[in-house]
Structures are given as C-alpha cells and as structure tokens.
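See structure below.
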Amino acid sequence: MTYNVNQRIAALQPYKPGKPIDELARELGINDIVKLASNENPLGPTHAVIEAIAEASNQLPRYPDGSGFELKQALASHLQVDTAEITLGNGSNDVLDLIARVALQPGSEAIIAEHSFVVYRLAVTCCGGDLVTVPAKDYGADLAAMLAAVTERTRLVFLANPNNPTGTWVTAAAIEHFLQHVPAHVWVVLDEAYFEYVDEAEYGNGLALLDKYPNLIVTRTFSKIYGLASVRLGFSVSSPEFADLLNRARQPFNVNGLAMAAGLAALADDDYVQRSCALNRQGMAQITEGLTAQGYTYIPSVGNFVAFDSGRSGAEVFDALLQQGVIVRPIAEYGLPNHVRVSIGLPIENERFLAALAAIGQS
Ligand SMILES: *Cc1c(COP(=O)(O)O)cnc(C)c1O
Numbered sequence: 004m005t006y007n008v009n010q011r012i013a014a015l016q017p018y019k020p021g022k023p024i025d026e027l028a029r030e031l032g033i034n035d036i037v038k039l040a041s042n043e044n045p046l047g048p049t050h051a052v053i054e055a056i057a058e059a060s061n062q063l064p065r066y067p068d069g070s071g072f073e074l075k076q077a078l079a080s081h082l083q084v085d086t087a088e089i090t091l092g093n094g095s096n097d098v099l100d101l102i103a104r105v106a107l108q109p110g111s112e113a114i115i116a117e118h119s120f121v122v123y124r125l126a127v128t129c130c131g132g133d134l135v136t137v138p139a140k141d142y143g144a145d146l147a148a149m150l151a152a153v154t155e156r157t158r159l160v161f162l163a164n165p166n167n168p169t170g171t172w173v174t175a176a177a178i179e180h181f182l183q184h185v186p187a188h189v190w191v192v193l194d195e196a197y198f199e200y201v202d203e204a205e206y207g208n209g210l211a212l213l214d215k216y217p218n219l220i221v222t223r224t225f226s227k228i229y230g231l232a233s234v235r236l237g238f239s240v241s242s243p244e245f246a247d248l249l250n251r252a253r254q255p256f257n258v259n260g261l262a263m264a265a266g267l268a269a270l271a272d273d274d275y276v277q278r279s280c281a282l283n284r285q286g287m288a289q290i291t292e293g294l295t296a297q298g299y300t301y302i303p304s305v306g307n308f309v310a311f312d313s314g315r316s317g318a319e320v321f322d323a324l325l326q327q328g329v330i331v332r333p334i335a336e337y338g339l340p341n342h343v344r345v346s347i348g349l350p351i352e353n354e355r356f357l358a359a360l361a362a363i364g365q366s
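Just so you know, we're using this note's numbering here: the sequence shown kicks off at 4 and counts up by one.
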C-alpha cells in the first residue's frame, strides 16, 4: 500500500542502532553480554555525573533553561570560543539535522564521502536535499574529489574527522586547503565526535579555523569520550550568524535539564577524559594485535572503534558473535558488507570479543 506521504522519507531505511544488551540477554537467556557496538565509553559514569543528575531531578516538573546558559558558559570557557557561537543539541545528531534544515532547500545538494556516518544521509533526505556521495580513497574521504563535486547547487559538505565507521581521518593542512578552495556559498560541517581520542601530530582542531572561515561549522558530542550517550547532548560551534539561524530552527527545549546538568559535571572532569584516552589506546592495541594474530586485516583507526575485514559477510559474523554473547556492528549499510566494526571496550571485554571471534573461526 502506498500512503500519500513524503516519498523520500518512505524510501529511507530506518537507522539500525547497536543491539541493546537487554534484548540479547532475553533472546539467549544469559546475562553475561558484552556490547562493543556503539562506540560508547566503557568506563561508565563518574560519581560526580550521577550526583549532578540526581540534583537536577529536583527540577523535573520545570521546563529546562531553553537557552542553555550555564552549559554554554562552561563550554565557551573550556573551548575558548564565544557563547554566541554555540548551539546545543539533543545529541550532535540533532544539530546535524538542524544544520541540514537551515542550509538546504529542495533541490540543494549536500556532499558526503562514501562510507561516511549515516546520519548525514537522513538529515539531507528529510529536508529535500539531494545527496552527492563521493567515492572514498583508501576507505577515507577524498577531499580533492569532494571539492571537484561542488556545483552551483551545493550548499553543504559533511566531513567526519575521524569518520565513523572507518576511523579514517584527514590532516589539519588538508582541511585548511579544502576550506581555502570551497566556494563561499557552501557550508562545511566538520564533525569532530571523536576529537578527544585522536593522538596524531597532524590532526587539527576545527575550532581554530572558525575565525578564518565563516562557512565552517564544527560539531562535537558528549556521547563518546564524555561517556554520556544516553542523555543525548552535543553541540556545534559556528559563526554567531549561523548559530542565530540554527537557534530559529530548533525546538525551543531541544536539550533536557538532566543532560545539561550531566554535561556540566562531565566537562569539569579532565581526569575522566585522560583516563578514557589511555584506556582506549591500550584497548586499541589489544584488539588490533588480536585481529592480526587471527589473520584479519583492519582499517587503521584513530577513534574508539576499528573496522576489520571479516573475509565473509559481516552480517554472518555479527550473528555468530551474538551467539557468543558479544554484540558488534555489521556495516553493510555503509557500503562495507564484509567489514565489522568493534568498539574498544575494557580489557576484559576486548578479550571476550577476541575469544569469541576465535571461537567462531574463519569459516
Ligand atoms: C557517535 C557519532 C556522533 C554523535 O552523535 P550524538 O547524537 O552526539 O550521540 C556524531 N558523529 C559521528 C560521526 C558519530 O560517530
């Protein structure tokens, strides 16, 4: 049956989130499940964050501060930017969606790289934009080809740095070169969801380019290194003029009070970020060495996850690992049907994953 609805939306595939632990526990009748499927921080929340949420829950009947005053102040001082440049979102996905709604009209084009984060496609399609997908180079964004794909109709470029699910990245110099050459009618979104994890000398900080390139928008999130995926909190930093447009398009209370309280507490805890980085570095070595030992190749990643070539259908490997109580992520919908993405967990979780992978064999 065909409904009389927006046919672009009817043609979309629903976003497939990582399988929840409770769901698999119910299906298998076991409790000992390891989830390494959504690039979450394995450390768990700190006492300070839990306290902040408990405290904020006293205010549950009241609408939250729709301007996000306190959190914006803290972010501005933490990031050395102006509060007027910040737009808060219900996760950075909310901001990515807002950006597409502000920048695009039906008939506008948005450019993304092959294998890039699936939310860009959703955001562009839902507001009537045409998506232009540029083939990847070595699994990563080919900036020269993306530049060559710009037309008069292009209004938006999404670039995840590093990208999910590949973990590939581009240098600060390459981004600056891109910004120097992209026409002024194109908004460039630099999605730095994994910024804090990256430990590469040539990796840059998008915020440092904002003054020079007013068409640049940088997005960040509390879902990854700050360990707050459940509260849904992210933000963009852009020119105050673009932030003003985003502010017009957003829902009046798009960020809830518990999230803002949690974000404030998390932002004050540099130690948590340091510990998370150290844990990730160690876990990345553990998993990549384990994969190599089992004869698998992987895409070198600077994030908190790694995609490896399973040598067969990633969906099959995903299913076989589920039976072992380990949840990972097949990434066929990203154009990588034989790859599987595994998030870096605690050492014991990484070990469980590697043992499960060995148990299911190469087939
Ligand atoms: C996880 C992720 C985000 C964060 O999304 P939230 O809505 O903030 O949870 C953004 N971009 C990329 C590329 C991601 O992988």
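Using N, Cα and C, we set each Cβ at its ideal position, and we do this for glycine too.
If you check the C-beta of residue 22 against ligand 1, you find no heavy atom less than 7 Å away. Note on residue 295: under 16 other CB atoms within 10 angstroms of its CB, so exposed under the neighbour-count rule. For residue 283, the enclosing alpha helix (DSSP H) covers residues 273 to 296.
Residue 95 has its CB nearer than 7 Å to a heavy atom of ligand 1.
Taking C-alpha positions only, residue 309 is separated from residue 168 by approximately 8 Å. Unbroken beta strand (DSSP E) runs of no fewer than 3 residues, entirely contained in the stretch 165 to 223, are found at 190 to 194, following chain order. For residue 352, there is no enclosing beta strand (DSSP E); the enclosing alpha helix (DSSP H) has its first and last residue at 350 to 363. Here residue 144 is near residue 116, since their CB atoms are less than 8 Å apart. Here residue 112 is bridged, per DSSP, to 133, 157. Closest by C-alpha distance to residue 275, out of 245, 34, 340, 50, is 50. Pairwise C-beta distances place the stretch 185 to 192 out of contact with the stretch 129 to 145, as fewer than three of them are shorter than 8 Å. Check the Cα spacing between residue 107 and each of 66, 131, 206: the tightest is with 131.
Shortest gap from the CB of residue 226 to any heavy atom of ligand 1: under 7 Å.
Remark: the C-beta of residue 163 is in contact range of ligand 1, defined as less than 7 Å to any heavy atom.
Inter-residue distance for residue 72 and residue 317 is about 45 Å (C-alpha atoms, whole angstroms). Distances from the CA of residue 42 to each of 31, 356, 348 were compared; the closest alpha carbon is that of 348.
Within the stretch 4 to 91, the complete alpha helix (DSSP H) segments at least 4 residues long are 10 to 13, 24 to 31, 50 to 59, 72 to 82, listed from N- to C-terminus.
With a cutoff of 8 Å on beta-carbon distance, residue 151 and residue 135 are scored as not near each other. Residue burial is scored here from C-beta neighbours: residue 93 has at least 16 other C-beta atoms within 10 angstroms and is therefore classed as buried. The beta carbons of residue 240 and residue 213 sit about 6 Å from each other, so the pair counts as a contact at 8 Å.
Excluding its 5 nearest sequence neighbours in each direction, residue 146 has C-beta neighbours in its own chain below 7 Å: 173, 177, 181, listed in chain order. Between the stretch 197 to 209 and the stretch 253 to 261 there are fewer than three inter-stretch CB-CB distances shorter than 8 Å, so the stretches are not counted as touching. Around the beta carbon of residue 298, fewer than 16 other beta carbons sit within 10 angstroms, so the residue counts as exposed. Taken from the Cβ of residue 198, every heavy atom of ligand 1 lies 7 Å or farther away.
In this structure, residue 265 and residue 121 do not form a Cβ contact; the two beta carbons are roughly 26 Å apart against a cut-off of 8 Å.
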